[in-house]
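Per numbering that gives the first Met the number 0, the sequence shown starts with residue 0, numbered consecutively.
The beta-carbon is built from N, C-alpha and C at its ideal position, and this holds for glycine as well.
Okay, so here's the structure we're looking at.
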Amino acid sequence: MSSSPKVVGGKVSCIVVKIGTRLLTTGPGEVDLDRLAKMGEAVRRLRDRGVEVVVVSSGAVGLGMGKLGLTERPADAAALRACAAIGQSLLMNLWRDALEPFDIVPAQILLTREDFRSRASSLNVEATLRNLLDQGVVPVINENDSVSDEEIRFGDNDVLSALLASLCKADLLVMLSTAEGLLNRGDGGKIVSFIEEITPEIEAMAGGSENATSVGGMVTKLEAAKISAKSGCACFVGSGYDPSILDRVIEGEAVGTFFAPAGLPLKARKQWLAFFPKTRGVLIVDDGARRAVVEEGKSLLAKGVSAFRGDFSRGDVVAIETENGEVVGQGAVGFSSDELPRVQGKEGSQILADFPDRKRGELVHRDHLAVLV
0 MSSSPKVVGG
10 KVSCIVVKIG
20 TRLLTTGPGE
30 VDLDRLAKMG
40 EAVRRLRDRG
50 VEVVVVSSGA
60 VGLGMGKLGL
70 TERPADAAAL
80 RACAAIGQSL
90 LMNLWRDALE
100 PFDIVPAQIL
110 LTREDFRSRA
120 SSLNVEATLR
130 NLLDQGVVPV
140 INENDSVSDE
150 EIRFGDNDVL
160 SALLASLCKA
170 DLLVMLSTAE
180 GLLNRGDGGK
190 IVSFIEEITP
200 EIEAMAGGSE
210 NATSVGGMVT
220 KLEAAKISAK
230 SGCACFVGSG
240 YDPSILDRVI
250 EGEAVGTFFA
260 PAGLPLKARK
270 QWLAFFPKTR
280 GVLIVDDGAR
290 RAVVEEGKSL
300 LAKGVSAFRG
310 DFSRGDVVAI
320 ETENGEVVGQ
330 GAVGFSSDEL
340 PRVQGKEGSQ
350 ILADFPDRKR
360 GELVHRDHLA
370 VLV
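What follows is the structure, encoded as structure tokens:
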């Protein structure tokens, strides 16, 4: 596989799916068998599309706690490791039961951070993964918590899943949890659907998130997204409660938060913007704006927008449509639908005066705009 991503227009060759503890269990030792069965079906549908699947599954500690009759997560590291040792075999049996009805063979791999620090051991892991995938096997991977307490620092396998996505050169990392995506608390708690770059502003949105994403929290998911992006792998964070979530992500629906890979050339970044066929809103432009965007390759200015539809946040992907209904492009919008009435018809200098915290006055900058005609 090449190191450049192939998730363009919904084409995915290899995907890493990380599933959080709370999706699989309803309490210590209490397994949501129905959800696990639906996860097995979702993996089968991906395989039917020709997609290689690697599963990263938490849950061993919780299953071990249930077997020991514990209701509180042990604070002692040795007790945690004991719970993991008991629970890991139970977890693997559950995944076997979920996958084998579809004639899918699962394979257990247990890893620690040490397996990624040495080039030799990393190559061993990579070779094992490649051999399993070539044989049509689905690797089911967890951190080896029976000998390491690093899960606490990793964050519920979030970082581990990103390291694996990089190692096996996956096109897409999907982190499923109880959270629907990254929330922009400054915009009424709306989900940020598209993130091209993880900035300090984006990191601030993750601060203070509790409970919704189990041990790791949204902070560690951003850390994982950074690792994934640097390796040329896209990343998605969303809710695993939706049994069709993997299908919808592959189809390009904006159902959670999508992180584009970093370090791509401009043309490739624009292809990533075009990966979203379902947008959050529509900007309707006049003939002059259409000409500037399509024929001259310029940014979309607010003065060229005659109307808009939809409820969208700053950074969301929106469609650009002419007054005759022709869709000419889509891109990441620099202003929310609530802010748009304040900028429509204005020059960039006026907009920056009204929004002194913004560095750019364009509505959609040309670097964040994909022309579709």
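- Taking C-beta separations shorter than 7 Å and ignoring five residues to either side along the sequence, the partners of D144 in its chain run A59, V60, L79, R80, A83 and E150, following chain order.
- Contact check for F193 and F235: beta-carbon distance about 11 Å, past the 8 Å limit, so the pair fails to qualify.
- Taking 8 Å as the cut-off, the Cβ atoms of M174 and K37 do not count as close.
- Going by DSSP, P138 is part of the beta strand (DSSP E) stretching over V137 to E142.
- A straight-line Cα-Cα distance of about 7 Å links I197 and K225.
- Here P260 is buried, its C-beta having at least 16 other C-beta atoms within 10 Å.
- Assignment of A164 by DSSP, reduced to helix, strand and coil, places it in the helix class.
- Residue burial annotation: S348 is exposed, with fewer than 16 other C-beta atoms found within 10 angstroms of its C-beta.
- For L339, the enclosing alpha helix (DSSP H) starts and ends at L339 to V342.
- A straight line joining the alpha-carbon of L172 with that of S12 spans about 12 Å.
- When DSSP states are grouped into helix, strand and coil, R308 belongs to the strand group.
- DSSP places S238 inside the beta strand (DSSP E), whose first and last residues are A233 to S238.
- Note on A74: under 16 other CB atoms within 10 angstroms of its CB, so exposed under the neighbour-count rule.
- In the displayed model, P199 falls within a helix according to three-state DSSP.
- Within 10 angstroms of the beta-carbon of D315 lie 16 or more other beta-carbons, which makes it buried.
- Excluding the 5 residues flanking it on each side, R365 has same chain C-beta neighbours closer than 7 Å at G296, K297 and S298, in chain order.
- Residue state for F257 is assigned as strand, using DSSP reduced to three classes.
- Each of A233, L90 and R34 was checked against the Cα of S165, and the nearest Cα belongs to A233.
- Taking the Cα positions, M204 is about 27 Å away from T25.
- Taking 8 Å as the upper bound for CB-CB distance, R95 and P105 are in contact here, some 6 Å apart.
- In this structure, the beta-carbon distance from R46 to I103 falls below 8 Å.
- Taking a C-beta distance under 8 Å as the contact criterion, D157 and K220 qualify as a contact pair.
- Remark: C-beta atoms of S57 and G28 do not approach each other more closely than 8 Å.
- Every alpha helix (DSSP H) of 4 residues or more that sits fully in the region 47 to 97 is shown, in chain order, as 59 to 67.
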